[in-house]
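Working notes, structure below.
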C-alpha cells in the first residue's frame with residue numbers, strides 16, 4: 082500500500098491548566114493508504130508538531146516531516162524503519178521532527194497491523210503479550226494530607242503500585258518532601274510498590290536529591306524518577322552510587338533511541354522509561370527494550386495521555402515477561418478517556434492486557450474527538466499550509 | 082531592564098533548493114527592553130520555531146517559549162542563564178524549544194552588551210578575542226572536476242583551509258569519493274588544511290566510513306566530520322580507534338550542552354563543533370568550550386548562515402588562542418550576506434576578527450531584511466497567535 086494522506090488533529094480541553102497533567106491536550110495522527118486508515122498519537126506540543134509537518138523546506142536536511150512520508154510504500158515492517166530513517170535524514174536539522182515522527186510511526190504500525198490482521202507486538206516478533214502490573218500514576222497532592230487521600234484512593238481502586246510526582250515535591254524543604262513521601266507510603270500500605278517522580282526538579286544538584294534519600298529509603302521507595310535533567314548523566318551516576326535500595330529511573334525525555342541507550346550506559350539507571358509518542362515511535366522504543374534487556378535494566382513505558390498512546394507504549398515490551406510494571410495514568414483529563422472507543426482497563430486481577438486486536442487495537446471515537454478538535458490555520462506568503470482537516474466518519 | 086517584546090522574523094529566498102546549503106532561509110530574533118533592542122538568530126526551521134514561540138500551553142512543562150522570556154528582568158550575565166533555565170524547564174516537553182531559545186539567548190547577550198557597552202566575549206570572561214583562521218566551508222561539487230575548481234577558487238581567494246561536504250559524497254562508490262577527496266586536495270595544494278564533512282551519510286555503518294579512510298589519510302585530511310548520526314557514539318568510537326592521523330569531528334546536532342559533552346566523553350572526537358544558534362545560545366556553547374578545553378578536545382564553531390550567527394558562534398571560544406580554526410561559509414546565499422550591515426570579512430592576513438563593538442557587533446540591515454521577509458499567520462480557535470511583525474526602522 083502507499084501512504085496517500087497524513088493528517089494531524091489538535092485536540093484540547095477548553096481550558097488548559099498550569100499543572101503537570103500532560104493529558105489536557107493531544108495530537109492525533111491519521112494516515113491513509115488505499116482504503117485503509119491508521120491512527121497514532123504524538124506526545125508533543127500539537128501546534129509545533131503541526132508546523133513541523135507542513136513547514137517550507139529550509140534545505141536538503143531540513144524538510145517538512147510530511148515530505149518523507151507522503152507517497153511512500155508501506156508493505157512490510159522494514160518499510161516502517163525505512164520511512165522513519167528518511168524522516169530523520171531529511172529533517173535532520175528540524176528538532177521537533179522526532180516528536181512529529183512518533184505519532185506517524187505508530188499510525189504506520191496500525192496500518193500494517195490492519196493489513197496483516199495482527200497486533201503490533203506480533204509484528205515486532207513477540208509470540209505473546211504478557212499482562213502488565215499498572216502503577217497508578219498521578220501528581221502529588223498540594224499537601225501531605227491530600228497525598229495521603231490520593232494514595233488511599235488508588236489502593237481502594239485495587240492498584241498494587243502507585244507513583245506520585247511533580248506538584249510541590251522537590252521545591253520546598255526536605256521535611257515537606259519527607260512528609261509527602263511518608264503520606265504516600267502510609268496511604269498505600271506497606272505491601273504496595275511506591276514510586277516517586279521528581280520531574281527533573283533538582284536540575285543537576287546531587288546534594289539536593291541526596292538529601293531526600295533517607296526518607297525514600299525509609300519508605301521503601303522502589304525508584305526515584307528524573308531527579309535531574311535527562312542529559313545530566315554524571316549527576317545521575319553520582320546519586321546512583323549511594324542511593325542503596327532506591328533505584329533511579331529516567332529516559333522519558335529521549336527523542337531517539339541513542340539518548341536512551343546513553344542513559345542506560347552512563348547514568349546508572351535501573352529503569353528506563355520510554356514514551357513511544359516521543360522517541361520516534363514503536364520501532365525506536367523496541368530498540369531500547371532490546372538494549373535494556375541485554376544490560377539488566379528494566380524497561381517501562383511512559384504514558385500520560387490516551388489508551389491509544391498507552392497501547393503504543395506497551396507494545397515495545399509486551400513480550401518481556403519480567404518487565405512487568407507499567408505506567409497507567411489514573412487521573413487523566415476527560416479528553417484522554419473520551420476520545421478512544423477501546424480502553425485498557427485493569428482486569429479482575431488488577432493487571433493490564435493489550436487488546437487482542439489488529440495494530441494497537443485502540444481507535445478514536447470520532448464523535449467525541451470532534452468535541453475537542455481545535456481549528457488551526459497556518460499561512461505562509463498567503464498560502465494556506467495547514468487547516469484542520471475533517472475527522473470524517475471512518476476509523 | 083525588562084524584556085518587553087520578543088519578535089521573530091522569517092526571512093527566505095524566493096525559492097529554496099533541495100541542496101545542503103543552510104543559508105537559504107533564516108529566523109531573525111528581536112528583543113525589546115526599555116529603549117534598547119537586541120538581535121539574535123536561530124539555526125532552525127523558521128516556521129516550526131515560530132510555532133514553538135507562540136503555541137498554546139499543553140501543561141506546566143510544555144509552555145510556549147515566549148512565556149518564559151517576556152517580562153523577565155535582564156540586568157546581568159546570570160539573568161541570561163536564569164531565563165534560559167526557565168525556558169528549558171517550562172518547555173521541557175517541547176522539543177523545538179532549544180532551537181528557539183538559541184536565537185533569543187543570543188539576542189539577550191546583544192541587549193546586555195549594549196547596556197554594558199561590551200562585546201560578548203568580555204561578558205563571557207575572556208580578556209581578548211584572538212583572531213581565527215577561517216576554513217572555507219562549502220559543498221562538494223557534483224563531480225570531482227567541479228570540486229577541483231572550487232578548491233582552486235578558495236585557494237585563490239587566500240583561504241589556508243577548506244572544508245568540502247555533502248553533495249554526492251558518501252552516497253556513491255568508494256572510488257568516486259576517493260576522486261572527490263583527491264580533487265579537493267589537488268585544488269587546495271599540499272600546504273592547505275583539508276577537512277571533509279560526511280553529513281551523517283553512513284548513519285552508523287563503521288565499515289562504510291572505514292572504506293574511505295585510506296584516501297582521507299593519503300590526502301592528509303585533518304578531520305572527517307559527522308560520518309554518523311550524532312548519537313551513534315559507539316560507531317564514532319570504533320572508527321576513531323583506527324582512523325590514525327585523520328581525526329573525527331562532530332557535535333553540530335547538539336541542542337544542549339550535555340549532548341556535546343557526551344560526544345566528547347564517549348565518541349572519541351578530537352574536534353567538537355557547536356552552533357550557538359542550536360545549542361541553546363552562547364552560554365551553553367561556552368560550557369562546551371570550557372569542557373572541551375579541559376579534555377584536550379578542540380572547539381570549533383558551526384555556522385552556515387549570516388555573520389550575526391557567525392559572530393555569535395565565535396564568541397564562546399574567542400579567548401581560546403589555540404583553538405584557532407573556524408568555520409566560514411564561502412558560498413552563502415545572497416540572503417545571508419545581504420541582511421546584516423556589518424560583516425566579518427577575512428583580513429589582509431587571511432584571519433577573521435570579531436568586531437570591537439558591543440554585543441555580537443553585527444546588526445541587521447532592515448531594508449534588505451524586509452526584501453526577504455515572509456508573511457506568516459498562525460491562528461488557533463480563530464485567534465491570531467502570530468502574524469509577522471513590523472521590522473521597523475531601529476536596530
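Residue numbers (our numbering), protein chains in the order written: chain A, 82 to 476; chain B, 82 to 476. Cβ atoms here follow ideal geometry from the backbone N, Cα and C, with glycine treated the same way. Model, not experiment: these values are computed from the prediction.
Beta-carbon separation (whole angstroms), residue i vs residue j, contact threshold 8 Å
i, j, result
"residue 90/A", "residue 472/A", "6 Å"
"residue 274/B", "residue 317/B", "In fact, because the Cβ distance is near 21 Å, the residues do not count as touching under 8 Å."
"residue 110/B", "residue 147/B", "Going by Cβ atoms, the distance from residue 110/B to residue 147/B rounds to 11 Å, so no, they are not a contact pair."
"residue 94/B", "residue 416/B", "5 Å"
"residue 200/A", "residue 437/A", "7 Å"
"residue 457/A", "residue 128/A", "7 Å"
"residue 257/B", "residue 228/B", "About 11 Å separates the two Cβ atoms, so there is no contact after all."
"residue 177/B", "residue 130/B", "6 Å"
"residue 248/B", "residue 220/B", "5 Å"
"residue 217/A", "residue 409/A", "6 Å"
"residue 210/A", "residue 432/A", "That pair is no contact at about 11 Å."
"residue 291/B", "residue 320/B", "6 Å"
"residue 467/B", "residue 92/B", "The pair is not a contact, with the Cβ atoms about 15 Å apart (cut-off 8 Å)."
Cβ-based burial, residue i [other Cβ within 10 Å; buried from 16]
i, result
"residue 426/B", "exposed"
"residue 244/A", "buried"
"residue 70/B", "The requested residue 70/B does not occur in the structure, where chain B is confined to residues 82 to 476."
"residue 171/A", "buried"
"residue 105/A", "buried"
"residue 429/A", "exposed"
"residue 359/A", "buried"
"residue 100/B", "exposed"
"residue 132/B", "buried"
"residue 255/B", "exposed"
"residue 354/A", "buried"
"residue 465/B", "exposed"
"residue 121/A", "buried"
"residue 285/A", "buried"
"residue 115/B", "exposed"
"residue 299/B", "exposed"
Local conformation of residue i per DSSP, three classes
i, result
"residue 144/A", "coil"
"residue 200/B", "strand"
"residue 218/B", "strand"
"residue 238/B", "coil"
"residue 252/A", "coil"
"residue 288/A", "helix"
"residue 87/A", "strand"
"residue 162/A", "helix"
"residue 376/A", "coil"
"residue 408/A", "strand"
"residue 354/B", "strand"
"residue 281/B", "coil"
"residue 186/B", "helix"
"residue 50/A", "Chain A is shown only over 82 to 476; residue 50/A falls outside these bounds and no answer can be derived."
"residue 212/B", "coil"
"residue 360/A", "coil"
"residue 103/A", "coil"
"residue 337/A", "coil"
query = Of all the residues that make up the region 381–393 of chain A, which are near chain B by a beta-carbon distance shorter than 7 Å?
reply = none
Residues in the region 140–157 of chain B having any Cβ partner in chain A nearer than 7 Å = 140, 141, 142 and 143
query = Are the region 231–245 of chain A and the region 268–277 of chain A in contact at 8 Å, needing three or more beta carbon pairs?
reply = yes
task = Specify whether the region 295–310 of chain A and the region 276–285 of chain A touch according to this definition: at least 3 beta carbon pairs, one from each stretch, less than 8 Å apart.
result = yes
request  = Check each residue of the region 429–454 of chain A: if its Cβ is closer than 9 Å to any Cβ of chain B, include it; give the result in chain order.
outcome  = none
ask   = Residues in the region 303–321 of chain B with C-beta within 9 Å of chain A's C-beta atoms, listed in sequence order?
value = 310, 311, 312, 313, 314 and 315
inquiry  = So if I threshold CB-CB distances at 9 Å, which residues from the region 169–180 of chain A count as touching chain B?
reply    = 169, 170, 172, 173, 174, 175, 176, 177, 178, 179 and 180
ask   = Between the region 356–370 of chain A and the region 177–190 of chain A, do three or more beta carbon pairs fall short of 8 Å?
value = yes
request  = Evaluate the contact criterion for the region 394–408 of chain B versus the region 368–380 of chain B: three or more CB pairs, one atom per stretch, below 8 Å.
outcome  = yes
task = State whether the region 440–450 of chain B contacts the region 403–421 of chain B, with contact taken as three or more CB pairs (one from each stretch) at a distance under 8 Å.
result = yes
task = Check each residue of the region 89–103 of chain A: if its Cβ is closer than 9 Å to any Cβ of chain B, include it; give the result in chain order.
result = 91, 93, 97, 98, 99, 100, 101, 102 and 103
task = Compile a chain-ordered list of the residues in the region 456–468 of chain A whose CB is closer than 7 Å to at least one CB of chain B.
result = 456, 457, 458, 459, 460, 461, 462 and 463
key: Residues of the region 339–354 of chain A whose Cβ lies closer than 9 Å to any Cβ of chain B, in chain order   = 339, 340, 342, 343, 346 and 347
ask   = For the region 116–132 of chain B, which residues have a CB atom closer than 9 Å to at least one CB atom of chain A, in sequence order?
value = 124, 125, 126, 127, 128, 129, 130, 131 and 132
query = If you measure beta-carbon to beta-carbon, which residues of the region 356–376 of chain A are closer than 7 Å to chain B?
reply = none
inquiry  = Give me the subset of the region 222–239 of chain B whose CB atoms are less than 7 Å from a CB atom of chain A, sorted by chain position.
reply    = none
query = If you measure beta-carbon to beta-carbon, which residues of the region 266–296 of chain A are closer than 8 Å to chain B?
reply = 280, 281 and 284
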